[in-house]
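Below is one structure, written out as structure tokens, with a few remarks after it.
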Amino acid sequence: MSAAAWFRTAMHQEPIVMWSCIIGGIGLVSPLVVPPIREYFNPPAVTNPRPFKQVIEDARAGAKSATS
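Printed below as a string of structure tokens:
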């Protein structure tokens, strides 16, 4: 029995077990595949947002200069 025939038979007899094995295999392989893909696309560096206190102070300073 070839591997394809065995796989076809197993998918018909026990589909839940086979799909569980496929999903588990994807989970095992993904740590080897995903990091190189992420490095290839090189997302931009994450910048931290300004502290909320500084945003409020800048808004107050802008409002004071606009009224003067």
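The sequence shown begins at 1 in this note's numbering and counts up one residue at a time.
Just so it is clear, CB atoms sit at the ideal spot from N, CA and C, and this is done for glycine as well.
Remember, it's a predicted structure, so these values are computed and weren't measured experimentally.
According to DSSP, is Ala-91 helix, strand or coil?
Past the boundaries of the shown model lies residue 91; the chain is included only from 1 to 68, so the question cannot be answered.
Helix, strand or coil for Ser-30, going by three-state DSSP, please let me know.
Correct three-state label for Ser-30: helix.
Tell me the rounded alpha-carbon separation between Gln-76 and Phe-7.
This structure gives no information on residue 76, because the portion of the chain shown stretches from 1 to 68.
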